[in-house]
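What follows is a short report on a single structure.
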Amino acid sequence: MNPRRALLVAGVGSLLIRPARATVPALQQAVAAFTGGVPVGSGGQRVLLQIEPLVDNGNAVPVMVTVPSPMTAADHVRRIAVFAEHNPQPEVIVFELGPHNGRAQVGTRLRLATSQQVLAVAQFSDGTFWQHALDVVVTLAACIEI
Amino acid sequence: MGKGIVHLLRQARRGQLLEVRATTLHPMETGQRLDSLGRPLARDIVRRIECRWGNDLVFAADLFPAVAANPYVSFFVVATTSAVVTVRWRGDNGFEHQEAVSVEVL
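Below you can see the structure in the form of structure tokens.
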């Protein structure tokens, strides 16, 4: 084929090349790093995240995660991770648990930079992951004030 | 008192479920804040908390900058035998602190 047609074909071909994959949101990446790529289930009340839906001060927001579990050697919670979707960094804390804890209930206080989704992911001894997410409205944001 | 507080019953029955609440004095500098000249203040946080019942690790947590200053954690532990329960905090710039609580298990 003549050079001009080849150029046209090449040009059209370049338009048909798929664009680069859109960046995976930071939260998804962080959760995938925690689970090692294992899909996370939600619903079924396997994980209960408790946090105030309206927060007046994002500098110290109490949060509690409860995972109903017999906490026996055969059936227990291994880890619980908390993420904040729109913080500069999504990871907040990762708890390591075992049968010696007796109850998979952990609490902490976190900083929220803006109104966002807070996510708790639990890893069970059988290798499965379950999550619970809640939306939080933050009136006074953390992370930005001197 | 030092730089840490651990709330835990000092006496328990064997097999009793105990709640542990622990906090330490630490600014948890996130690395996001800027000083008056606009330069970022270096990150300086508590990185890891570990609780041991005697010699056995019964709880651990990895902390990130999003944990509030004077980091607080709460968790549960089953009382097994009388032991010294220690909570240890480790963080940036060599931060290390430990609190010990003697628990008598009847």
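Residue numbers (the working numbering), protein chains in the order written: chain A, 327 to 472; chain B, 15 to 120. Every residue gets a Cβ at the ideal spot worked out from N, C-alpha and C, and that includes glycine.
Self-check item: Collapsed DSSP secondary structure at B:Asp49 in the structure displayed
Solution: For the purposes of this step, residue 49 of chain B is identified with residue 35 of the second sequence, where counting begins at 1. Coil at B:Asp49, not helix or strand.
Practice problem: Please report how far the alpha carbon of A:Val364 lies from the alpha carbon of B:Leu51, in whole angstroms. | Solution: The count along the first sequence starts at 1 and reaches residue 364 of chain A at position 38. The count along the second sequence starts at 1 and reaches residue 51 of chain B at position 37. So the alpha carbons of these two residues sit roughly 45 Å apart.
Quiz item: Does the distance from the CB of B:Val87 to the CB of B:Ala26 come in under 8 Å?
Solution: Numbered from its first residue, the second sequence carries residue 87 of chain B at position 73. Numbered from its first residue, the second sequence carries residue 26 of chain B at position 12. Cβ atoms of B:Val87 and B:Ala26: not closer than 8 Å.
Quiz item: From the beta carbon of A:Ile472, is the nearest beta carbon of chain B less than 8 Å away?
Solution: Here the question's residue 472 of chain A lines up with position 146 in the first sequence. At A:Ile472 the pLDDT is 42, less than 50, meaning the model places this residue with poor confidence and gives no usable figure here.
Quiz item: Would DSSP call B:Ser116 helix, strand or coil?
Solution: As a position in the second sequence, residue 116 of chain B is number 102, starting the count at 1. Residue state, collapsed to three classes: strand.
Quiz item: If we call anything under 8 Å between Cβ atoms a contact, is A:Ala439 one with A:His412?
Solution: As a first step, residue 439 of chain A is located in the first sequence; it is residue number 113 there, counting from the start. As a first step, residue 412 of chain A is located in the first sequence; it is residue number 86 there, counting from the start. Yes, the pair counts as a contact, with Cβ atoms nearer than the cut-off.
Practice problem: Report all residues from its chain with a CB closer than 8 Å to the CB of A:Ile343; omit the five preceding and five following residues, and keep chain order. | Solution: Within the first sequence, residue 343 of chain A is the residue found at index 17, counting from 1. No answer about A:Ile343 holds up, because its pLDDT of 49 lies below 50 and its placement is not dependable.
Quiz prompt | C-beta neighbour in chain B for A:Leu423, strict 8 Å | solution = As a working note, residue 423 of chain A is residue 97 in the first sequence. Chain B, which has a Cβ nearer than 8 Å to the Cβ of A:Leu423, makes this yes.
Quiz item: Is the beta carbon of B:Arg57 within less than 7 Å of some heavy atom of the ligand ADP?
Solution: Inclusion of the ligand ADP in the displayed structure is not the case, the ligand content being empty and no account of it being possible.
Exercise. In the DSSP assignment, find the unbroken beta strand (DSSP E) run with B:Ala36 in it and report its ends.
Key: Locating residue 36 of chain B in the second sequence gives position 22, counting from the first residue. Where B:Ala36 is concerned, the enclosing beta strand (DSSP E) stretches over Leu31 to Thr38.
Exercise. Could you tell me if B:Asn107 is buried or exposed, where buried requires 16 or more neighbouring beta carbons within 10 angstroms of its beta carbon?
Key: Stepping through the second sequence from its first residue, residue 107 of chain B is reached at position 93. That one is exposed.
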